[in-house]
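J.: Numbering (mature numbering (1 follows the signal peptide of the UniProt record, and there is no 0)), first residue to last: -25 to -1, 1 to 674. To start, I am sharing the structure in question, which I have written as structure tokens.
Dropping the structure here:
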């Protein structure tokens, strides 16, 4: 494990401060702008939001007001609403670069990297010489692991503004990730030369030296880091790590404690403090020590002892947020359904969030915990944790979806509907929210028209997802319940215009047309589906299924020769497709071309000698053709190959029918009895046995 994280991630060039208004006619608006700017500067973000909304109400076409509203929402972590505000600012003023910059930042925070990259590229279309945009583009590209492109963007930014220390640091971080170590060191040194007070550059350079096992250079850089930024925790932590490695445990402990004092939410110093206390056999003496010891005990699987240590840490420092979070995690080791432990864990999590509402790792961990509660049916705990998440990020649509699932699980269906609709309000492109809402409306409430609308939206947003088939099936069922399945045809055709290569859409449109008996219209869709499947190397089973669909409608249109030609073409393209051969044999049988079916079954047996079904099918058709000697041989071979009792019973039954047709009733009865001995539940074999016994009595 890398013990030394970088001081921070790559840094965007971004300043979220109120944008001054340049031309306002009404004095009242001028005053409102000043008030909004003052509230934003004083970090009174809710008040700033109220003011900017008031400005917009009076002057709806003011792009600057929307930009400033976006900033106020961004600072409240209402990311989706911030995105909407920035987009509105851009719509009103497509040249407003600050709106693009802020939009790119919030999209990055949401993990919507492709959109962030596109946004920064848009700035460069407006202003190709914008060094800041190149830096921000590089950051988003690096986040997406497009390292070469990120390096190129940072270098272009520095070409336009060579004295930007932040960009040199970003470039150095990315060069290191690309294993260009010497170049990374040079870039860090350049950043430091430009800004000798750049603690981040010193810290990250020290990390690089440490990973290269150049401990003296690493120590020097860490010491320089704490010299220029004495209250920066990671520098003290880095010094502690090196001292720890050198066996200087007392000094290491001092530095770990310093790091914790400067940043109580940085967890790694606590972990290493626990290790150092154990290595030095030193007893814990303060809250940080007990918390570090608790982390060590948790890693060793000593959960009860860890809980005691966490509680002791909290008693010594009731404001130690991390200890509450770890206590909650430890209490859940008894399982997410243990009632008392779960209740105590939720209380601990609530206190952790109260103390550190902006600490992102809490949000990530608690999201997973809430989902786990929901999965295990612990609804009350799930709801409690989802509510904590909304305290941290009030407009996260995923949290509302989780609440929707939980309330649905409780049978509180109308409340669940509200949660899903709120998620969709926050993100109209959230396909999963549309789908889950649709499933609830259809399966639980039978509100078919509303379900249809929700399914349409889910399908439109995701034509190639894991749950696309679920959405289609629900959509078609909602239409059937309204006796309007035919309306799916126009919808699918419209989607195919947008996604002409979509195999699922070709399949589903073809299936609906067949259900509506529009066979001629379905034929080209299935043909195109097969072409797409072959191009994309779909599975043999998928291709065979499409051939079977097309074959069926060709026969229904009395195009039997075309159906035969279709299968001959398919077999020529892929002679080893077992399912295609099976469907071809079924077609041959249905058209009384049994001798051809015999040849096809033999081809299948040659292709898969251990497969039992082709032998059983071949035995049956040979029996019907009264080729008894060959049929007996085939069934006897089948008995050698068969592994399951059902297949063996079918083979014995087939032999019994042959012997009965030959007039050898005693041998037939013996075979039927063997079949029933192997597979007693077969009513068909029982009928065959009774008929043979009756005939034998009559003789």
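By construction, the Cβ of each residue, glycine as well, lies at the ideal position given by its N, Cα and C atoms. The structure displayed is predicted, hence computed values, not measured ones.
Excluding the five sequence neighbours on either side, which residues of its own chain have a C-beta within less than 6 Å of the C-beta of residue 308, listed in chain order?
T.: Around residue 308: 278.
J.: Identify whether residue 264 lies in helix, strand or coil by the three-state DSSP scheme.
T.: Looking at residue 264 - three-state DSSP - the assignment turns out to be helix.
J.: Below 8 Å between beta carbons: does that hold for residue 681 and residue 215?
T.: With the chain running from -25 to 674 in the structure shown, residue 681 is simply not present.
J.: Alpha carbon to alpha carbon, how far is residue 188 from residue 510? Give it in angstroms, no decimals.
T.: Taking the straight line from one Cα to the other gives about 51 Å.
J.: Closest to residue 224 by C-alpha separation, out of 246, 252, 161, would be which residue?
T.: Among 246, 252, 161, the Cα nearest to that of residue 224 is on 252.
J.: Quick one: grab the DSSP three-state call for residue 617.
T.: Residue 617 falls in the coil class under three-state DSSP.
J.: Please report the residue range of the alpha helix (DSSP H) in which residue 530 lies.
T.: Here the alpha helix (DSSP H) through residue 530 covers 515 to 531.
J.: Indicate whether residue 178 and residue 162 have their beta-carbon atoms separated by less than 8 Å.
T.: Contact: no.
J.: DSSP three-state label for residue 20, please.
T.: Three-state DSSP puts residue 20 in a helix.
J.: Identify whether residue 352 lies in helix, strand or coil by the three-state DSSP scheme.
T.: Residue 352 falls in the coil class under three-state DSSP.
J.: When you compare only the Cα positions, how much space is there between residue 577 and residue 512?
T.: Rounded to whole angstroms, residue 577 to residue 512 spans 26 Å at the Cα level.
J.: Rounded to whole angstroms, what's the CA-CA distance from residue 105 to residue 89? Just pull it up for me.
T.: Their Cα atoms are separated by approximately 20 Å.
J.: I'd like to know whether the C-beta atoms of residue 180 and residue 160 end up nearer to each other than 8 Å.
T.: Yes.
J.: Where does residue 662 sit, in a helix, a strand or coil, going by DSSP?
T.: It is helical.
J.: How many Å lie between residue 366 and residue 519 at the Cα?
T.: Taking the straight line joining both Cα atoms gives about 53 Å.
J.: Do residue 15 and residue 38 count as a contact pair if the criterion is CB distance below 8 Å?
T.: In this structure, residue 15 does not lie closer than 8 Å to residue 38 by Cβ.
J.: Measure the C-alpha to C-alpha separation of residue 304 and residue 613 and round it to an integer number of angstroms.
T.: Roughly 58 Å separates the two Cα atoms.
J.: Is there contact between the segment 279 to 296 and the segment 250 to 264, where contact requires at least three CB pairs shorter than 8 Å?
T.: Yes: at least three Cβ pairs fall under 8 Å.
J.: So for residue 506, helix, strand or coil by DSSP?
T.: It is helical.
J.: Indicate the three-state DSSP secondary structure (helix, strand or coil) for residue 249 in the structure shown.
T.: Helix.
J.: Does the distance from the C-beta atom of residue 347 to that of residue 381 stay below 8 Å?
T.: Not closer than 8 Å, so no.
J.: Along the chain, where does the alpha helix (DSSP H) containing residue 256 start, and where does it finish?
T.: Run containing residue 256: none; DSSP gives neither H nor E here.
J.: Out of curiosity, what's the CA-to-CA distance linking residue 226 and residue 257?
T.: Each residue's Cα considered, the two are about 13 Å apart.
J.: Could you tell me whether the Cβ atoms of residue 193 and residue 237 are closer together than 8 Å?
T.: No, the Cβ-Cβ distance between residue 193 and residue 237 is not below 8 Å.
J.: Kindly give me the distance between the Cβ atoms of residue 610 and residue 629, rounded to whole angstroms, as I take these residues to be in contact under 8 Å.
T.: Rounded, the Cβ-Cβ distance is 5 Å, consistent with contact.
J.: I need the DSSP call for residue 300, collapsed to helix, strand or coil.
T.: Three-state DSSP puts residue 300 in a helix.
J.: In the structure shown, what three-state DSSP assignment does residue 460 receive?
T.: Reduced to three states, the DSSP call for residue 460 is coil.
J.: If you draw a straight line from the alpha carbon of residue 424 to that of residue 452, how long is it in whole angstroms?
T.: Going from the Cα of residue 424 to the Cα of residue 452 covers about 11 Å.
J.: Relative to the C-alpha of residue 23, which residue among 31, 12, 32, 33 is closest?
T.: The shortest C-alpha separation from residue 23 is found at 12.
J.: As an exercise, report each continuous alpha helix (DSSP H) stretch of at least 4 residues that is fully enclosed by the segment 142 to 220, in chain order.
T.: Taking only runs of at least 4 residues, the alpha helix (DSSP H) segments lying wholly in the segment 142 to 220 are 156 to 169, 174 to 186, 190 to 203, 208 to 220.
J.: Of the choices 150, 537, 474, 360, whose alpha-carbon is the least far from that of residue 498?
T.: It is 537.
J.: Please tell me whether residue 64 and residue 91 are closer than 8 Å, where the distance is taken between their beta carbons.
T.: Their beta carbons are not under 8 Å apart, which means residue 64 does not touch residue 91 by this criterion.
J.: With DSSP collapsed to three states, give me the class of residue 603.
T.: Helix, per DSSP.
J.: Span of the alpha helix (DSSP H) holding residue 43?
T.: First-last of the alpha helix (DSSP H) with residue 43: 38 to 50.
J.: In the structure shown, what three-state DSSP assignment does residue 625 receive?
T.: Helix, per DSSP.
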